[in-house]
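Trainee:
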Amino acid sequence: MFIINCPYCGERDQQEFKAGGEAHIERPKQPTELSDDEWAEYLFMRKNIKGVQFERWNHAHGCRKWFNMVRDTSNDEIKLVYKMGEKPPLE
Amino acid sequence: MSANLRVKSSEFIDETHRISFKFNGKTYYGFKGDTLASALLANNVHLVGRSFKYHRPRGIMTAGSEEPNAIVQVNDNTNRTEPNVRATEIEIYEGLEASSQNCWPNVNFDIGGINNIISPFLPAGFYYKTFMWPASFWEKYEFFIRHSAGLGKSPTEKDPDIYDHRNIHCDVLVVGAGISGILAAKNAAKNNLKTLLVEEKNELGGATIYQNREFNKIDNQSSSDWIKKEINELKNIGNLEVKTRTSVAAYHGYNYLLARENLTDHLEKKDKNNKVRQRLLKIRAKKVILATGALERPLVFNNNDRPGIILSTAVKKYADFFGVKCGEKNVFFTNNDSAYESALCLHNKGIKVDAIVDIRDNSNSKIVKAVEQAGIKIYWSHTVVDTNGYRRLSNISIMRLSNDGMTVTGKRINISCDCLGVAGGWTPAVHLFTQSGGKLKFDEDNDVFLPNKYLSDQISVGSCNGYFNLKEIINKLSIKLKEFLKIDQTDFDNIAIESEEETPKRNIWLLPSDKAIGKTKPFVDYQNDATAKDIKLALREGFRSIEHVKRYTTTGMGTDQGKLGNMHALGIIADTSGVKMGELGTTTFRPPYTPLTFGTIVGRNVGEYFDVFRRTAMNDCHIENKAEFENVGQWKRGWYYPVNGETMHQAVQRESKAARESAGILDASTLGKIDIQGSDASEFLNRVYTNAWSKLAIGKCRYGLMLNEDGMVYDDGVTTRLGENHYLMTTTTGGAANVLAKLEDYLQTEWPELDVYLTSVTDHYATASVCGPNSKKILKKIFPDLDFSNESFPHMSFKEAKINNIKCRVMRISFTGEHSYEINIQASFGKSLWEKCIETGKEFNITPYGTETMHLLRAEKGFIIVGQDTDGTMTPIDLQMDWIVSKKKYDFIGKRSLYRSDTMREDRKQLVGLLTDNPNIILEEGAQIVSELNQNPIQMLGHVTSSYFSPNLNKSIALAVVRGGKDMMGKKLFIPMEDKTISVTVANPVFFDEENKRLNA
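One line per chain: the protein sequences are C and S, in this order.
Everything in the first sequence is counted per the numbering used here, starting at 1 for the first residue and increasing by one.
Everything in the second sequence is counted per the numbering used here, starting at 92 for the first residue and increasing by one.
#1: On the three-state DSSP scale, how would you describe Pro31/C?
#2: Is it right to say His260/S is buried, meaning 16 or more other beta carbons lie within 10 angstroms of its own, or is it exposed?
#3: If you draw a straight line from the alpha carbon of Lys791/S to that of Arg812/S, how long is it in whole angstroms?
#4: Given that Asn75/C touches chain S, what residues does it touch there, using C-beta distances under 7 Å?
#5: Which one of Ala268/S, Asn282/S, Leu274/S has the shortest CA to CA distance from Asn293/S?
#6: Check whether chain C comes within 9 Å of Ser977/S, counting only Cβ atoms and requiring the distance to be less than that.
#7: Compare the C-beta of Tyr990/S with all C-beta atoms of chain C and state if any pair is closer than 9 Å.
#8: Count the other CB atoms, across all protein chains shown, that sit within 10 Å of the CB of Asn346/S; report buried if there are 16 or more and exposed otherwise.
#9: Which residue wins for smallest C-alpha separation from Phe44/C, given the options Val333/S, Gly802/S, Ile458/S, Pro875/S?
#10: Identify which residue in Gly1055/S, Glu290/S, Val198/S, Arg368/S has its Cα closest to the Cα of Gly38/S.
#11: Flag this pair as yes or no: are the beta carbons of Asn393/S and Thr611/S separated by less than 9 Å?
#12: Please confirm whether His910/S and Gly863/S have their CB atoms less than 9 Å apart.
#13: List the residues of chain S that Ile3/C touches, going by C-beta distances under 7 Å, in chain order.
#14: Less than 9 Å between CB atoms is the rule here; does Arg149/S satisfy it with respect to chain C?
#15: Can you find the residues in the same chain that come closer than 6 Å, C-beta to C-beta, to His659/S, ignoring five residues on each side of it along the sequence?
#16: Could you check if Leu1064/S is buried or exposed, using at least 16 other CB atoms within 10 Å of its CB as the buried criterion?
#17: By Cβ distance below 6 Å, which residues in the same chain neighbour Asp1084/S in space, the five residues on each side in sequence not counted?
#18: Please state whether the Cβ-Cβ distance between Ala859/S and Leu970/S is less than 9 Å.
#19: Just verifying my parser: in three-state terms, what is the DSSP assignment at Ala1049/S?
#20: Under 7 Å between beta-carbons, which chain S residues line up against Gly85/C? List them in chain order, please.
#21: From the beta carbon of Lys986/S, is the nearest beta carbon of chain C less than 9 Å away?
#22: Using a C-beta to C-beta distance shorter than 7 Å, which residues of chain C count as neighbours of Glu800/S?
#23: Run through DSSP, which three-state label would Gly529/S get?
#24: Kindly indicate which residue of Val462/S, Asn915/S, Glu591/S has the alpha-carbon position closest to the one of Ile309/S.
#25: Would Glu26/C count as contacting chain S if we go by Cβ distances under 9 Å?
#26: Since Val444/S contacts Arg97/S with CB under 8 Å, what's their CB separation in whole angstroms?
#27: If you reduce the DSSP assignment to three classes, tell me which class Cys712/S lands in.
#28: Just verifying my parser: in three-state terms, what is the DSSP assignment at Met45/C?
#29: Please state if the CB of Leu834/S and the CB of Lys986/S are separated by a distance shorter than 9 Å.
#30: For Asn364/S, does the three-state DSSP call read helix, strand or coil?
#31: Do Leu762/S and Ala708/S have their C-beta atoms within less than 9 Å of each other?
#32: Would Ile401/S pass as a contact of Gly516/S if the rule is Cβ separation under 9 Å?
#33: Under 6 Å Cβ to Cβ from Ala772/S, same chain only, skipping five residues before and after it: list those, please.
#34: Taking the alpha-carbon positions, what's the Lys83/C to Gly729/S distance?
#35: Reducing DSSP to helix, strand and coil, say where Thr931/S ends up.
#36: Taking the beta strand (DSSP E) that Arg109/S belongs to, which residues open and close that run?
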């Protein structure tokens, strides 16, 4: 059970949060311009990395804010949390 | 019968307090402080159970939670019965009843013992190999396997005990109160750290408290006297909490641990009542110190499982701590110095030790010399090759071991004995460490796995970290504590410690016999009857991964999780396949460390507290009306309202007719309600619903369909425009929370530029839906000042109103196809509103109806229910709802997916109506639909999603999804059932009032 440092509320128990899948996949601005393959790439294809992964999390039973997390899935170490809209760290 | 094998009074046993208990129906006596195991041994009872597969007689093997054999059923035939409890952990109390498991008719004569005789035919994987053929016989085999398998008996009655959960936050958690744990906890607490010390046993001090090692001295006192003084000091430390009888079950990431605190299991029955039996502690610790100690290893040799074969330190603990001798003629079998300590302790207490069999060729340790001086015969370089005695060990055979340890030579020497203490070295208890995600390394010198990489803020100290010598334990502890707790000094930095260097053990995982391995029974996992032979067979048959060998042979899969034998299994695999132990790795240690009862896991969340449920403000009215309730999500909703003993069918038929002929009333409070405000609210709705919202006038309502990004229908409901920048959205009852979360997700992450605010108001309003031809008359009486003319208040519009100065929102909307109104009122007035509607509607025979009637009425109209007629694979086009999908809007959630090649297929399952050829047959929801009966294989076209007998049409109607159904209007299809085939005709899903005349009537 993680302790997650919500960027708005501070450290809280994992029970209060919901995971929201891979981060930094932007919804296409003009979906109608996309081919079936391009749309399918956005719609279905997600990474499942053993190692450092960028994820979306929601403080569902708290402030209800979405934010990003960098987590090492091999040992569950949370390396960083940052707000939605902020640029992901390069490394 | 009442043999007394007490040797001398022990300070840990209160001999003035005699306790009677029953084992297998027979009464025995023990003393306060005894465990069931020590009390049985004192009564000379060694045979306590039968093994799982071969039903071999088994006795007590250990003195702790690692016990594999002595597991018993406690309080059988009562509602407090519990299976698989370790006799070594049960503290006896007056009236305790325990019995052997896994034997019939009794433990002394067990029919299943035949399995031992036919054991050559029961190799590893026997069940997998034998019962595979013919496949159709599996059900018959399974019946017999289920009957002969299983350890204890599960309780069949409700658990009468109370269980509890408690959250604990601390700076330092110390697990294990041996010498390392006590010193660690004391020094943490003294340095202003909030500290919790937990110990699974009922007393502190671990092994140090009772063993008077001659060669272990601290400050010139025996280590046991010294530790007693330390324990006394713990009481005076303010921020230290000590919990005994508390076993850590699980160690999760981020230092989150679960522990079971046992509060009443040691009490007499009369003292158990109305008390919390066990408490699950949910501990979040900033730092964790594991001081879980080490478990003594057995040795793996032929017939090493007979009652009377006991770990050497257990023999010592029974003598030292409980004052009980395990046998009259004791022999020890060892590969290290530990057995000598046990032998000397017995000798000093006047218990006869006949011999020590040591596989090493010598040892120069002081303790060994002391044993020699005591005149105990030592057989160097010898090994036990066989043992005898069916219900109790009677003698052993030993032979000289070859230099390489692979074979035996010379003649058998027989030694008569009734207790064999075995000592195979020590295994650090690293279970919790690995559960936390820690990585182990193999120490080749000592043949042990040790903690290597820690993932959280924790350390392992003492023997669980591979330190076995007192001086080393304490010196390393001091260094580690200072670094870990960031303190300058400990209060034991300057103590004088005397302890003796031990001569290394000689490790041989599988000891040879003069018999071929195939003819021997060297047990590795006692509880599951897995032998070294089975492991070798698995390797011969091609299993390589340790996890596969484990499952195939069931090694380590019992309730003890192989605490004793797992290392030997690994060693034998490594030796046989020529791989190094370190490369082989270990199997996964999974929580719980010792079994937990379900009561502890669920705590207070039982019965009506199992899950939260929600009731509407009108709930009392439904109860008064004798409603039957239905669970919808977490809500309790009125299902139907039987009158005069009506069946559900009769009630629903009556309610449905009443709603269409005069007036019905439904509690619609559970529908999700989301208040949407902001200057971009209209644009937001445009993006989340398939239809257009910008032109919806203030005061008007509109039905909307919400898709997932994959184009599949997700939710639906009516949204009302309350103001220029203000909407009230309704969602399905079950979908409310998810819809809000989804909308928030899009607002926060994809469209942060939109000025929109969402608030859930589901619980803030109670809603009564009044429908039927007389609904307008009723509403007029409730709201005499309101203009109900069609011009002023048409279908799909809304008005603010008041009942006695209480504000209401009245929407003219309909889910039944009738002229209908929904009245929303502040939830606290919900009950009054319902009562007022019933009172006012009396003259029109207003009839309360439940969810079942609502479903029937909407099905007559062909209105879908998301989640019943859709299942996450239906697009609006599949539902024949093309009309609600805007062609003009550039984008909305899911739009692009409606043009994918897959969603545009003509042969997708599509929503249609079905009429049975015999109008009295009601189809089963979920029934499969076919077009040809003589196909092989028969092709399933779809299934029935909603089905009712319509009292208003006087015939059976159904909605279904059918492959290519759109183009099948009028086609005959078949529904094959178990006992008959039903023929149906595809029809328009709108069965009733297709022109919507009634809405505007």
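Using N, Cα and C, we set each Cβ at its ideal position, and we do this for glycine too.
Mentor: Considering the structure as presented:
#1: Helix, per DSSP.
#2: The C-beta of His260/S has fewer than 16 other C-beta atoms within 10 Å across all chains shown, which makes the residue exposed.
#3: Computed Cα separation, rounded: 6 Å.
#4: Under a criterion of Cβ atoms nearer than 7 Å, the residues of chain S adjacent to Asn75/C are, in order, Gly528, Leu546.
#5: For the residues Ala268/S, Asn282/S, Leu274/S, the minimum Cα distance to Asn293/S belongs to Ala268/S.
#6: For Ser977/S, the nearest beta carbon of chain C is not closer than 9 Å to its own beta carbon.
#7: Interface residue, yes.
#8: A residue is called buried once 16 or more other Cβ atoms fall within 10 Å of its Cβ, and Asn346/S is buried on that count.
#9: Answer by Cα proximity: Gly802/S.
#10: What the structure shows of chain S is the stretch from 92 to 1092, and residue 38/S is not part of that stretch, so it cannot be assessed.
#11: The Cβ-Cβ distance between Asn393/S and Thr611/S falls below 9 Å.
#12: Yes, the Cβ-Cβ distance between His910/S and Gly863/S is below 9 Å.
#13: Contact note: Ile3/C reaches chain S through Tyr345, using a C-beta cutoff of 7 Å and chain order.
#14: Arg149/S does not count as touching chain C.
#15: Excluding residues up to 5 positions away in sequence, Val391, Trp600, Val615 lie with their Cβ nearer than 6 Å to the Cβ of His659/S in the same chain.
#16: By the neighbour-count rule (16 or more Cβ atoms within 10 Å), Leu1064/S is buried.
#17: In the same chain as Asp1084/S, and ignoring 5 residues on each side of it, the C-beta atoms closer than 6 Å to its own belong to Gly908, in chain order.
#18: No Cβ-Cβ contact shorter than 9 Å links Ala859/S with Leu970/S.
#19: DSSP places Ala1049/S within a strand segment (E or B) once states are collapsed to three.
#20: When 7 Å is used as the limit between beta carbons, Gly85/C is near these residues of chain S: Pro843, in chain order.
#21: Proximity of Lys986/S to chain C, defined by a Cβ-Cβ separation below 9 Å, is satisfied.
#22: Against chain C, the beta carbon of Glu800/S has neighbours under 7 Å at Leu43, listed in chain order.
#23: The answer is coil: DSSP assigns Gly529/S none of H, G, I, E or B.
#24: Minimum Cα distance to Ile309/S is reached at Glu591/S.
#25: So, interface residue.
#26: Between Arg97/S and Val444/S the Cβ distance is about 18 Å, and since that is not below 8 Å, they are no contact.
#27: In the structure shown, Cys712/S adopts helical secondary structure according to DSSP, grouped into three states.
#28: Met45/C falls in the coil class under three-state DSSP.
#29: Cβ atoms of Lys986/S and Leu834/S: not closer than 9 Å.
#30: Residue state, collapsed to three classes: coil.
#31: Cβ distance not < 9 Å, so Leu762/S and Ala708/S don't count as in contact.
#32: Against a cut-off of 9 Å, the Cβ pair of Gly516/S and Ile401/S comes out as no contact.
#33: Excluding five sequence positions before and after Ala772/S, the CB atoms of its chain that fall closer than 6 Å to its own CB belong to Asn816, Tyr818, Val847, given in chain order.
#34: Counting only the Cα atoms, Gly729/S lies some 44 Å from Lys83/C.
#35: DSSP, read as helix, strand or coil, puts Thr931/S in helix.
#36: Here the beta strand (DSSP E) through Arg109/S covers 105-114.
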